[in-house]
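Student:
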Amino acid sequence: MISPLMPTYARIPVAFERGEGMYLYDTDGKKYLDFYSGIGVMCLGHSHPTLVKALAEQGAKLWHTANTYEIPLGTKLAERLCAASFADTVFFTNSGAEAIECAIKMVRKYHYDKGNKGKYRLVTMSNAFHGRTLAGIAAAGQEKLTKGFEPLPDGFDVVPFGDIEAVQAAIGPETGGIMVEPVQGEGGIRPIPKEQMQALRALCDEHGLLLVFDEIQCGMGRTGKLFAHEWSDIKPDIVTAAKGIGGGFPLGACLATEEAASGMTVGTHGSTYGGNPLAMAVGNAVLDEMLAPGFLERVRDMGDKLQARLGALQQRHGDYISEVRGMGLMAGIRLPEVPTRDAVVDMIGRGMLPAVAGDMVMRMLPPLIIEDEHLDEAMDKLDAAMNDWRANGLPGK
Numbered sequence: 030m031i032s033p034l035m036p037t038y039a040r041i042p043v044a045f046e047r048g049e050g051m052y053l054y055d056t057d058g059k060k061y062l063d064f065y066s067g068i069g070v071m072c073l074g075h076s077h078p079t080l081v082k083a084l085a086e087q088g089a090k091l092w093h094t095a096n097t098y099e100i101p102l103g104t105k106l107a108e109r110l111c112a113a114s115f116a117d118t119v120f121f122t123n124s125g126a127e128a129i130e131c132a133i134k135m136v137r138k139y140h141y142d143k144g145n146k147g148k149y150r151l152v153t154m155s156n157a158f159h160g161r162t163l164a165g166i167a168a169a170g171q172e173k174l175t176k177g178f179e180p181l182p183d184g185f186d187v188v189p190f191g192d193i194e195a196v197q198a199a200i201g202p203e204t205g206g207i208m209v210e211p212v213q214g215e216g217g218i219r220p221i222p223k224e225q226m227q228a229l230r231a232l233c234d235e236h237g238l239l240l241v242f243d244e245i246q247c248g249m250g251r252t253g254k255l256f257a258h259e260w261s262d263i264k265p266d267i268v269t270a271a272k273g274i275g276g277g278f279p280l281g282a283c284l285a286t287e288e289a290a291s292g293m294t295v296g297t298h299g300s301t302y303g304g305n306p307l308a309m310a311v312g313n314a315v316l317d318e319m320l321a322p323g324f325l326e327r328v329r330d331m332g333d334k335l336q337a338r339l340g341a342l343q344q345r346h347g348d349y350i351s352e353v354r355g356m357g358l359m360a361g362i363r364l365p366e367v368p369t370r371d372a373v374v375d376m377i378g379r380g381m382l383p384a385v386a387g388d389m390v391m392r393m394l395p396p397l398i399i400e401d402e403h404l405d406e407a408m409d410k411l412d413a414a415m416n417d418w419r420a421n422g423l424p425g426k
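When the sequence shown is numbered by my numbering, its final residue is 426 and no position is left out of the sequence of numbers.
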């Protein structure tokens with residue numbers, strides 16, 4: 030018989046009761062160092078006082094009102110995001126998947142209004158993840174996401190990851206834009222090199238295309254800048270954000286230049302819950318912390334330390350770790366000899382929460398508030414695990 034909760038997740042049998050800072054506590058009181066952040070969501074850790082205060086104060090005043098009316102906190106958050114980024118305008122959603130839908134619609138509407146009705150296709154890269162909507166899985170093109178859901182929406186040309194020549198070859202008369210993750214998350218923590226990012230911008234400029242960056246996982250401070258594309262010294266036309274933008278409250282955003290959003294006029298798009306007062310209060314509180322003097326600089330410092338410590342771990346355990354990947358506090362270690370899920374379950378048993386990613390990678394997305402002692406604790410646990418694997422056999426085998 031089917032369970033009351035639809036069985037779409039391969040859940041690990043641990044349930045958390047509360048969280049504080051870098052730690053989660055299960056229903057038996059066991060403490061876990063959180064290096065997953067709820068898929069990169071808990072950017073300020075658990076029960077951050079600034080976010081708790083903002084949610085409680087707004088919850089006592091007004092939870093929701095329709096976008097038929099003005100929502101001043103939304104205007105404030107949009108102004109702050111635009112001031113801190115490339116963007117001129119923002120549409121708020123409840124999730125990353127909805128932000129991707131907004132971006133796809135924006136590309137199509139832009140070209141439609143410019144008199145190029147046939148330019149609707151997006152070039153995307155293999156092993157990407159753009160959410161679970163039909164358009165999102167079509168854009169990613171991975172069989173594990175698309176199998177059983179055909180026919181998929183048309184309009185996506187998937188090329189090999191990092192292959193700029195393939196991107197160029199895929200551009201045709203129907204191409205309206207290019208959409209990529211500056212750092213692939215689910216695909217195995219794979220950054221696109223700076224020169225390739227710049228080449229994507231040049232291709233879009235040459236062919237009159239819109240450049241869309243999916244920064245749902247790699248954005249909002251994760252790499253040490255507000256958005257990961259900033260490391261490449263280029264400006265996109267559209268960026269999708271979610272996860273860390275709400276610090277745990279469901280919130281997403283589609284940011285765009287005035288030109289890219291020129292087709293998004295009254296009635297072209299909408300959301301019942303997107304941008305409601307609760308979400309906007311928390312989103313502003315997240316920015317209060319993230320844009321505070323020194324915050325992102327400190328994230329960069331801790332990101333450098335994480336990458337260096339993982340590199341040292343690889344030197345000690347090169348028989349298990351074939352590669353260290355990532356940028357900033359978005360990191361992964363490739364474990365080709367160890368079943369990744371079994372390795373993650375083993376680490377959970379040791380009181381640390383990493384996660385599985387594609388290409389045999391153990392993924393680490395710690396809260397951006399990580400301190401040196403948390404990094405020491407994580408490396409000690411990983412080191413001990415690999416010593417145990419060597420002495421007693423690999424987990425799951």
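Heads up, the beta-carbon is just placed ideally off N, CA and C, and yes, glycines get one too.
These numbers come from a predicted model, not from an experiment.
(1) Straight-line CA distance for R379 to A39?
(2) Assign L106 to one of two classes, buried (16 or more other C-beta atoms within 10 Å of its C-beta) or exposed (fewer than that).
(3) Can you give me the C-alpha to C-alpha distance between I267 and G355, rounded to a whole angstrom?
(4) Candidates N96, G160, R109 and Y139: which alpha carbon is nearest E127's?
(5) Can you grab the Cα-Cα spacing for the pair K148 / T269, in whole Å?
(6) What residue range does the beta strand (DSSP E) around D192 cover?
(7) What span of residues does the alpha helix (DSSP H) with G69 cover, start to end?
(8) Have a look at F178 and G281 and give me their C-alpha separation to the nearest angstrom.
(9) Given a cut-off of 9 Å on the beta-carbon distance, is the pair T252 and L358 in contact?
(10) Take the Cβ of E402 as the centre, count every other Cβ of all protein chains shown within 10 Å, and call the residue buried at 16 or more, exposed below.
(11) Quick check on H140: does DSSP put it in helix, strand or coil?
(12) Using the Cα positions of D63 and M381, report the straight-line distance between them to the nearest angstrom.
(13) Could you tell me whether the stretch 65 to 77 touches the stretch 224 to 239, using the rule of 3 or more Cβ pairs below 8 Å?
(14) Applying the criterion that 16 or more other CB atoms from any shown protein chain within 10 Å of the CB defines a buried residue, is M415 buried or exposed?
(15) For H298, does the three-state DSSP call read helix, strand or coil?
(16) Relative to the C-alpha of F185, which candidate in A199, M208, I193 and R150 has its C-alpha closest?
(17) What residue does the alpha helix (DSSP H) around V374 start on, and which one ends it?
(18) Return the Cβ separation of A310 and A169 in integer angstroms, given the expectation that the two are a contact with Cβ distance under 8 Å.
(19) Is G312 closer than 9 Å to F121 when the C-beta atoms are compared?
(20) Out of curiosity, what's the CA-to-CA distance linking L320 and V385?
(21) May I have the straight-line CA-CA distance separating V373 from P383, to the nearest angstrom?
(22) Taking the continuous alpha helix (DSSP H) assigned at F121, which residues delimit it?
(23) Strictly by DSSP, which residues pair up with V209?
Tutor: Well, looking at it:
(1) 20 Å
(2) buried
(3) 23 Å
(4) G160
(5) The straight-line gap from Cα to Cα measures roughly 21 Å.
(6) Looking at the DSSP string, D192 is not in any beta strand (DSSP E), and its letter there is neither H nor E.
(7) S66 to G69
(8) 25 Å
(9) yes
(10) exposed
(11) helix
(12) Straight-line spacing of the CA atoms in D63 and M381 works out to 6 Å.
(13) Touching, no.
(14) buried
(15) coil
(16) Ranking the options by Cα distance to F185, first place goes to R150.
(17) T369 to G378
(18) Between A169 and A310 the Cβ distance is about 33 Å, and since that is not below 8 Å, they are no contact.
(19) yes
(20) 30 Å
(21) Whole-angstrom Cα-Cα distance: 6 Å.
(22) From DSSP, F121 is part of no alpha helix (DSSP H) but of the beta strand (DSSP E) over T118 to T122.
(23) F242
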